[in-house]
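All remarks here apply to the structure that follows.
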Ligand code: LYS
């Protein structure tokens, strides 16, 4: 059992000391790495003056000196170095050693392949040297790196290179200076033998910034997309937010062993190679899209995160929620806004809504944590972005940009709190967001019940919104509802309230638990289209008939709500089919549903990209979230029945359009082409549900002849649904082709581990034995065990085999990479929804984890909260 302490937001205190300047010398040797730090420290008169307590973990202490003093009193413990200074201003010189080669937790300074790199957010810097490892201590860094010239020709750190040269014994050095004060979590160092691909960007004030990407030799041809994405991000941030890059150089390094996606270290981003490297043969459209958005995300952090940073880690959403909002807007401006919004909301519901309903629910600004690494969550990131988006919806783009300007005017160069951001928006817009701030402190997805009343005599239509709050301690939210009303002919009606016209679409705001809006001059009962564009992250509870949903699927002018109507209709049908299956009746698919979807497929006022999303069966996660009794097996069967019926009813159309879009044109990454490819591949996936050899041949042909991975991998996925020789051959071919490719091969693991039918425990155990698998690589863990744990039908097998497999893997990972182990532990989030024997089996698995000696606080926090 572990000893985990809980840290509370209410206990925050200003630092007692500050470090104005940090001079590091990092000497890399074969056996160890020596870190000599010279810290210019001064008492912070705002803090209570006590001993200086530096953080330090897994460090070998060598020496401590206070410049100008004979001696200095200090005390060394497991996690701290306490010093009793004699003056208010002093310089400490500390020497320690670290062991990057055996650092498998991938936090601090560690080795990925033959490269040395760092990951310091949130609290990794204390694993490099003794320091005030907190985000409100901002310092100017100078870094000297020394290493063997042949093994480590590249020596990189933040800022500008100010000196470099040769040293005796085939060694060399480089000195980097970062002029911007920063918290140590933004410090980075990279040393290794890396290829460099270079480009440049001219900023709006005319400065030419070299852009450099460093990758393993052989990957040079996979950097173009990242460079293009970076240039687009720099331009977009200037155009839409008026923000220009501030340093003279921008570097990105791609490494294979990385705990998350990427890290915004000042001027030296470090990326998981999957989130940076791409060319048409090795990456799919989804990868290209994701890379574009992550490159943007890290770049945007330079202002929202680095220039203005977080006072403490409870404020994480200050930088992450805002930066996700910015990257989502970037993607929407560059691609199809409608498609981006639908995909963002899909992802939010499948991950964040589930988290908010589960044992690890927390507000976007948590009030306590045991291990802050556990809070890099969909809630802090994606719900955090939705909260920013609501402000944007309520005050509009112009005021929002004024608010951003205010934010930088007031807080540039500082470490601040979420209230400071909201304050900037209030000042700029003249609005009061006191009540709105409840979004920061209350967890759970609010349910909004809507009742409607049409009064034929008064010609009025009344909508009454009632907030169903999570518990009695929760108070009503302030939120925007974007809405429109449709006539029976599918036309948008004019919205008149209290004699005033609001046009055909408007935003109303809710403040109280129950609120009504009366629309005047309404002659016939309209169909309401509410929460357009998903204007608030809520669950809508409104009785809508199948006919009304089918109507909205055809006529809603808001593409998100059009999509939404289709998904709600499909969910109603899946629910009916599930009932039939449970009571052993023959499941019959409703004709109204088939007709509505068939009409959508042929609709002239929707593009292919939209159709590919809207013609899809709702995800298993989103269906099981709404089930009274969690039963993924039945829901999956019902999904399959619906998908089969959709394929059968539209076979000719699907096959004709598959052929129409099936060209061998060269791969171009843009929204239109992506849409066409996804539509074509959707046609193929449906056709393969029909069990006909001619369609298996189509997929086989596509697999064999595609020059791009998008089409090739889509063909493999389509074949995976079948039990055919073609399937086995394609899988074998894929493995043989990509076995040695650290990025592409992961798709092979994930595709098999996610298969609802065939991914059983035996399969996972055989996949972990193949030579391309390595449990020490987080990407592979995510693609094999992570994908399996997210595969609801298989993970939740009645015999509990899925639970024990994942529990054993968590125990194994806990011993060397607690963060990744904790991430996998979140797979047990449905514990509260289980019943009877299934629940006992999951409980046993969770208890075996808790029994482990040296259980990390990371895993302990997740598992103990799950069992509560
Ligand atoms: N700040 C990084 C990002 O851009 C993630 C750091 C994760 C640390 N555990 O999202």
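Residue numbers (the numbering used here): 1255 to 2122. Glycine included, C-beta positions come from ideal geometry on N, C-alpha and C. Since this is a predicted model, take the numbers as computed values, not measurements.
Taking the alpha carbon of residue i as the point to measure from, which residue in the options has its own alpha carbon closest?
i: residue 1575; options: 1591, 1348, 1592 and 1671; result: 1671
i: residue 1879; options: 2019, 2083 and 1771; result: 2083
i: residue 1472; options: 1996, 2044 and 1762; result: 1996
i: residue 1915; options: 1700, 1901, 1904 and 1933; result: 1933
i: residue 1433; options: 1447, 1415 and 1425; result: 1415
i: residue 1853; options: 1908, 1833 and 1799; result: 1908
i: residue 1952; options: 1912, 1963, 1985 and 1991; result: 1912
i: residue 2016; options: 1330, 1989 and 2051; result: 2051
i: residue 1778; options: 1716, 1620 and 1921; result: 1716
i: residue 1458; options: 1702, 1496 and 1478; result: 1496
i: residue 1465; options: 2085, 1328 and 1450; result: 1450
i: residue 1694; options: 1561, 1625, 1618 and 1644; result: 1618
i: residue 1521; options: 1553, 1536, 1905 and 1477; result: 1553
i: residue 1893; options: 1940, 1926, 1571 and 1904; result: 1940
i: residue 1871; options: 1886, 1847, 1883 and 1897; result: 1897
i: residue 1935; options: 1921, 1920 and 1966; result: 1966
i: residue 1524; options: 1587, 1374 and 1578; result: 1374
i: residue 1401; options: 1823, 1571, 1499 and 1289; result: 1289
i: residue 1649; options: 2047, 1680, 1991 and 1660; result: 1680
i: residue 1440; options: 1493, 1873, 1725 and 1516; result: 1516
Mind checking residue i: buried by the 16 CB within 10 Å criterion, or exposed?
i: residue 1255; result: For residue 1255, the pLDDT reaches just 48, beneath the cut-off of 50, and the residue's location in the model is therefore unreliable, leaving the point undetermined.
i: residue 1929; result: buried
i: residue 1421; result: exposed
i: residue 1338; result: exposed
i: residue 1540; result: exposed
i: residue 1845; result: exposed
i: residue 1580; result: buried
i: residue 1998; result: buried
i: residue 1839; result: exposed
i: residue 1858; result: exposed
i: residue 2109; result: buried
i: residue 1365; result: buried
By how many angstroms is the C-alpha of residue j removed from the C-alpha of residue i?
i: residue 2111; j: residue 1622; result: 14 angstroms
i: residue 2114; j: residue 1514; result: 20 angstroms
i: residue 1583; j: residue 1452; result: 27 angstroms
i: residue 1345; j: residue 1395; result: 14 angstroms
i: residue 1354; j: residue 1444; result: 12 angstroms
i: residue 1745; j: residue 1709; result: 20 angstroms
i: residue 1279; j: residue 1399; result: 6 angstroms
i: residue 2081; j: residue 2020; result: 21 angstroms
i: residue 1389; j: residue 2096; result: 38 angstroms
i: residue 1352; j: residue 1378; result: 12 angstroms
i: residue 1313; j: residue 1833; result: 60 angstroms
i: residue 1604; j: residue 2008; result: 15 angstroms
i: residue 1462; j: residue 1787; result: 39 angstroms
i: residue 1407; j: residue 1505; result: 16 angstroms
i: residue 2076; j: residue 1628; result: 7 angstroms
i: residue 1298; j: residue 1633; result: 34 angstroms
i: residue 1664; j: residue 1682; result: 12 angstroms
i: residue 2053; j: residue 1530; result: 40 angstroms
i: residue 1776; j: residue 1794; result: 23 angstroms
Per DSSP, residue i is paired with what?
i: residue 1769; result: 1719
i: residue 1466; result: 1452 and 1505
i: residue 1446; result: 1408
i: residue 1516; result: 1525
i: residue 1315; result: 1350
i: residue 1421; result: 1425
i: residue 1430; result: 1397 and 1415
i: residue 1564; result: 1670
i: residue 1336; result: 1307 and 1329
Can you find a C-beta in chain C that's less than 8 angstroms from the C-beta of residue i?
i: residue 1517; result: Of the protein chains in this structure there is only one, and it is not chain C.
Unbroken alpha helix (DSSP H) runs of length 4 or more, entirely within the stretch 1783-1815: which are they?
-> 1800-1809
Contained beta strand (DSSP E) runs [length at least 3] in the stretch 1583-1655, N- to C-terminal order = none
Which runs of the beta strand (DSSP E) spanning at least 3 residues fall entirely within the stretch 1362-1405, listed in chain order?
-> 1362-1366, 1369-1373 and 1393-1402
Every unbroken beta strand (DSSP E) within the stretch 1725-1760, with a cutoff of 3 residues, ordered by chain | 1733-1740
Enumerate, from N- to C-terminal direction, the unbroken alpha helix (DSSP H) stretches of 4 or more residues contained entirely within the stretch 1996-2071.
-> 1999-2007, 2015-2021, 2032-2035, 2046-2049 and 2055-2068
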